[in-house]
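See structure below.
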Amino acid sequence: MTTARTTIKPAGTARAGLGATRRHDRWWIAPSVQGTLFTVLAIYLFWSGIVWTPLLGTAYEVDGYLSPLFSPLIAPGWLPSFISPGALILWIPLGFRATCYYYRKAYYRFYFADPPGCAVGEPTIHHRYRMETAFPFVLQNFHRYFLYLAFVPLTFLWLDAIGALFPASGARIGLGNVIFFVNVNLLTGFSLSCNSLRHLAGGRLDCFSCTRR
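Note that the numbering used here numbers the sequence shown so that position 30 is 52, with each residue one more than the last.
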């Protein structure tokens, strides 16, 4: 059994102290914008997918358009009314994104200032750390498994987008269809460009300087 170990964090080239740096550019803008958008989107997803329907009784499917936050729709009869069907599926895409390398970089910088930016000093509290070997950050290692799971709702989103073209009233093409296809194409591009998928497709090579013979 492995145990979490505390190590001394390498000093690096940044000056000591939070925000200390020799950089003259506005390095703080990017992490601030990313962190703010991340927070707003997280609140929106929680409210729309978890709270809104049970609290206000709003519909998650209108005129043949099923909200992507509820796809695939799982609404068994035994599900209590105070639990949104979105709660049964949203944990997959949220887990996939929360453990994504790009998202890690964004919220490590914005929320934990670890580090605030390239060549920028961070708090002394980060002098000793356990990296991603201790809870809760050890859960970041589940990213590859969330990748596999993420293709399940992604497949249903494609089926929803195609199905929305052919409602009971007949074939149609509207703004909702355009939004559905733009959304699912962007999500597909995000998933297929995932580092874990490239690692898997590339033969699981862990050494970039090695040549596989």
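Ideal placement from N, C-alpha and C gives every residue a C-beta, glycine not left out.
What is the DSSP secondary structure of T80, reduced to helix, strand or coil?
Within the sequence shown, numbered from 1, the residue matching residue 80 stands at position 58. Three-state result, T80: coil.
List the whole-angstrom C-beta distance separating P53 from P145, where the pair is believed to meet the contact cut-off of C-beta under 8 Å.
Here residue 53 refers to the residue found at position 31 when the sequence shown is read from its first residue. Here residue 145 refers to the residue found at position 123 when the sequence shown is read from its first residue. Between P145 and P53 the Cβ distance is about 15 Å, and since that is not below 8 Å, they are no contact.
Just reading off the alpha helix (DSSP H) that F92 is part of, what are its end residues?
The residue given as residue 92 occupies position 70 in the sequence shown. From DSSP, F92 is part of no alpha helix (DSSP H); its letter is neither H nor E.
Within 9 Å, strictly: CB atoms of Y123 and G57
Counting from one through the sequence shown, the residue named residue 123 turns up at place 101. Counting from one through the sequence shown, the residue named residue 57 turns up at place 35. Between Y123 and G57, the C-beta spacing is not below 9 Å.
Rounded to the nearest angstrom, what separates I65 and A141 at their Cα positions?
For this step, residue 65 is matched to residue 43 along the sequence shown. For this step, residue 141 is matched to residue 119 along the sequence shown. I65 and A141 have their C-alpha atoms some 31 Å from each other.
May I ask you to report which of helix, strand or coil DSSP gives T155?
Here residue 155 corresponds to residue number 133 of the sequence shown, with the count starting at 1. Of the three classes helix, strand and coil, the one that applies to T155 here is coil, per DSSP.
Ordered along the chain, which non-local residues of its own chain (more than five positions away) have a Cβ less than 8 Å from that of Y125?
As a first step, residue 125 must be located in the sequence shown, where it is residue number 103. Excluding residues within five positions, the ones whose Cβ falls inside 8 Å are F60, R119.
So for L222, helix, strand or coil by DSSP?
For the purposes of this step, residue 222 is taken as the residue at position 200 of the sequence shown. DSSP places L222 in the helix class (H, G or I) of the three-state scheme.
Can you grab the Cα-Cα spacing for the pair F159 / A190, in whole Å?
For this step, residue 159 is matched to residue 137 along the sequence shown. For this step, residue 190 is matched to residue 168 along the sequence shown. Those two C-alpha atoms are separated by around 47 Å.
Does the contact criterion of 3 or more C-beta pairs under 8 Å hold for the stretch 166-175 versus the stretch 77-89?
When Cβ pairs closer than 8 Å are counted between the two stretches, the stretch 166-175 is seen not to touch the stretch 77-89, the count staying below three.
Grab the span of the alpha helix (DSSP H) containing F202 for me, first residue to last.
For this step, residue 202 is matched to residue 180 along the sequence shown. Unbroken alpha helix (DSSP H) run through F202: 197-214.
Are at least three pairs of beta-carbons, each pair with one atom in the stretch 99-110 and one in the stretch 67-83, less than 8 Å apart?
Yes: at least three Cβ pairs fall under 8 Å.
Rank V206, A193, G192 by C-alpha distance to the C-alpha of D242 and give the top, closest one.
Coverage of the chain is limited to positions 23 through 235, which leaves residue 242 absent and any answer about it impossible.
Nearest to S218 by CA position, among F188, L63, W113, Q162, is which residue?
Here residue 218 is taken as the residue at index 196 of the sequence shown, counted from 1. In this structure, Q162 is the residue among F188, L63, W113, Q162 with its C-alpha nearest to the C-alpha of S218.
Beta-carbon within less than 8 Å of F164's beta-carbon, same chain only, minus the 5 sequence neighbours each way: which residues are those?
Position 142 of the sequence shown, counted from the first residue, corresponds to residue 164. Take F164, set aside five residues on each side of it, and the residues of its chain with a beta-carbon closer than 8 Å to its own are G117, T121, in chain order.
T121, DSSP secondary structure in three states
For the purposes of this step, residue 121 is taken as the residue at position 99 of the sequence shown. If DSSP states are grouped into helix, strand and coil, T121 belongs with coil.
Would you call S93 buried or exposed, if buried means 16 or more other Cβ atoms sit within 10 Å of its Cβ?
Start at 1 with the first residue of the sequence shown, and residue 93 comes out as number 71. Buried, because 16 or more other Cβ atoms sit within 10 Å of the Cβ of S93.
Where does I111 land, buried or exposed, given buried means 16+ other C-beta within 10 angstroms?
If you number the sequence shown from 1, residue 111 lands on position 89. By the neighbour-count rule (16 or more Cβ atoms within 10 Å), I111 is buried.
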